[in-house]
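Asks: Heads up: the sequence lines are chains Z and Y, in that order. Take the first sequence: its letters are residues 90 to 189, numbered as in the numbering used here. Take the second sequence: its letters are residues 90 to 189, numbered as in the numbering used here.
There are 2 protein chains.
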Amino acid sequence: MTLGQKIKELRESKGMLQRQLAAKLEIGDGFLSKVEHDQKALKREHLNSISKIFDYPLEELESLWIATRIYELVKDEQSALNALKVAEEQIKYGKAHAKV
Amino acid sequence: MTLGQKIKELRESKGMLQRQLAAKLEIGDGFLSKVEHDQKALKREHLNSISKIFDYPLEELESLWIATRIYELVKDEQSALNALKVAEEQIKYGKAHAKV
DNA sequence: TTAGACTTGACTTAAAAAGGTCAAATTTAG
DNA sequence: CTAAATTTGACCTTTTTAAGTCAAGTCTAA
Numbered sequence: 090m091t092l093g094q095k096i097k098e099l100r101e102s103k104g105m106l107q108r109q110l111a112a113k114l115e116i117g118d119g120f121l122s123k124v125e126h127d128q129k130a131l132k133r134e135h136l137n138s139i140s141k142i143f144d145y146p147l148e149e150l151e152s153l154w155i156a157t158r159i160y161e162l163v164k165d166e167q168s169a170l171n172a173l174k175v176a177e178e179q180i181k182y183g184k185a186h187a188k189v
Numbered sequence: 090m091t092l093g094q095k096i097k098e099l100r101e102s103k104g105m106l107q108r109q110l111a112a113k114l115e116i117g118d119g120f121l122s123k124v125e126h127d128q129k130a131l132k133r134e135h136l137n138s139i140s141k142i143f144d145y146p147l148e149e150l151e152s153l154w155i156a157t158r159i160y161e162l163v164k165d166e167q168s169a170l171n172a173l174k175v176a177e178e179q180i181k182y183g184k185a186h187a188k189v
């Protein structure tokens, strides 16, 4: 599940049109279409609005939002999965040693 | 292990000075110092040179290089690890459904 | 078949990131 | 101590990315 897919799912579950959701987010509907296809990224602030409009947990949306950015970064890499593992270790190590 | 740490390790294992390695890479030694501390990123092409200079597998260096970029992207995120998991799923799913 | 919904491609502009340099300050080894 | 090695901060220019818009084209249902 990607962020775009989730947004489309939420929107359709409320029988809302792209035009209507786009208006609430104050963006054009062409842009929202691309967002739903993960061709463009929303601003992070928009996640707050979406969370409220659909009463859906913000943390979930944020994870999807970050994941999309990671995916964009590594999608053409043959060693994408391996790099993810390495990054995971770095994060775990970093957390354990962070000098606040 | 980060890319910077690995480069420093390789360099020192050959008793090479920053100045010497920097010259081979055609960059300044101030810049190399930052690279070894992961404060700046090398160009990807530089990995080829490093691989040859130290006879160290390029794929390993590339994984570290990508991992560093992922780390930069998520290091301040509370849900970094979760997002990584989500991205991993997206990659696996993407690979299975890629329309070459 | 035609209106409304959606998708797509081309384009824009400001902001940020890439990829450094250089000199001053600091650290380390002898 | 002191000289070489390293680190750091400030700065710079060029390239990319972010975050859209808009109009034309395509789909879909009635």
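Glycine residues also receive a C-beta, built at the ideal position from the N, C-alpha and C atoms. Quantities reported herein were computed from a predicted structural model and do not represent experimental measurements.
1) Compute the beta-carbon to beta-carbon distance between Y:L173 and Z:E177, rounded to the nearest angstrom, for a pair I have assumed lies under 8 Å.
2) Using only the alpha-carbon positions, how far apart do Y:K97 and Z:E148 sit?
3) Could you name the residues of chain Y that Z:G183 contacts, counting a contact when the two beta carbons are closer than 7 Å?
4) Using a 10 Å radius around the Cβ and a threshold of 16 neighbouring Cβ atoms, would you call Z:H126 buried or exposed?
5) Any C-beta of chain Z within less than 7 Å: which residues of the stretch 125–159 of chain Y qualify?
6) Which class does Z:E177 belong to by DSSP, given the choice of helix, strand or coil?
7) Residues in its own chain within less than 8 Å of Y:P146 by CB, not counting five upstream and five downstream?
8) Whose C-beta lies closer than 7 Å to the C-beta of Z:A169 among residues of the same chain, with five residues either side of it excluded?
9) Considering only residues of the same chain and omitting the five flanking positions on each side of Y:V189, which have a CB-CB separation below 7 Å?
10) Please list the partners that Z:E177 has in chain Y, where partner means a Cβ-to-Cβ separation under 7 Å.
11) Can you list, in chain order, the residues of its chain whose CB lies under 8 Å from that of Z:K113, leaving out five sequence neighbours each side?
12) How about Y:Q107 and Y:L121: are their beta carbons less than 7 Å apart?
13) Should Z:I180 be flagged as near chain Y, meaning a C-beta pair shorter than 7 Å?
14) So Z:Q51 and Y:Y160 are in contact, right, with Cβ under 8 Å, and what is the actual spacing, rounded?
15) Give me the Cβ distance between Y:K123 and Y:K132, rounded to the nearest whole Å; I'm assuming they're in contact under 8 Å.
16) Using the C-alpha atoms, what's the distance from Z:T157 back to Z:G93?
17) In whole angstroms, what separates the C-alpha of Z:E115 from that of Y:G119?
Replies: So, to answer that:
1) That belief holds up - the Cβ atoms of Y:L173 and Z:E177 are roughly 6 Å apart, short of 8 Å.
2) A straight-line Cα-Cα distance of about 38 Å links Y:K97 and Z:E148.
3) Within chain Y, the C-beta atoms nearer than 7 Å to that of Z:G183 come from K164, in chain order.
4) Its Cβ having fewer than 16 others within 10 Å, Z:H126 is exposed.
5) Residues of the stretch 125–159 of chain Y with a C-beta atom less than 7 Å from some C-beta of chain Z are E148, E151, S152, L153, I155, A156, R158, I159, listed in chain order.
6) Helix.
7) Around Y:P146: S140.
8) Non-local beta-carbon contacts of Z:A169 in its own chain, meaning distances under 7 Å to residues more than five positions away in sequence, involve V163 in chain order.
9) In this prediction, Y:V189 scores a pLDDT of 49, lower than 50, which makes its location untrustworthy; the coordinate-derived value is nonetheless stated afterwards. Residues of the same chain with their beta carbon placed closer than 7 Å to that of Y:V189 are lacking, with the five preceding and five following residues left out of the count.
10) For Z:E177, the neighbours in chain Y by C-beta distance under 7 Å run, in chain order, L170, L173.
11) These residues qualify, in order along the chain: S138, I142.
12) With respect to Y:L121, Y:Q107 sits close: the two C-beta atoms are nearer than 7 Å.
13) With 7 Å as the cut-off, Z:I180 counts as an interface residue toward chain Y.
14) Given a span of 90 to 189 for chain Z in the structure shown, any question on residue 51 of chain Z remains unanswerable.
15) Contact doesn't hold; Cβ gap of about 14 Å is too wide.
16) Going by the C-alpha atoms only, they are around 9 Å apart.
17) Rounded to whole angstroms, the separation of the alpha carbons of Y:G119 and Z:E115 is 46 Å.
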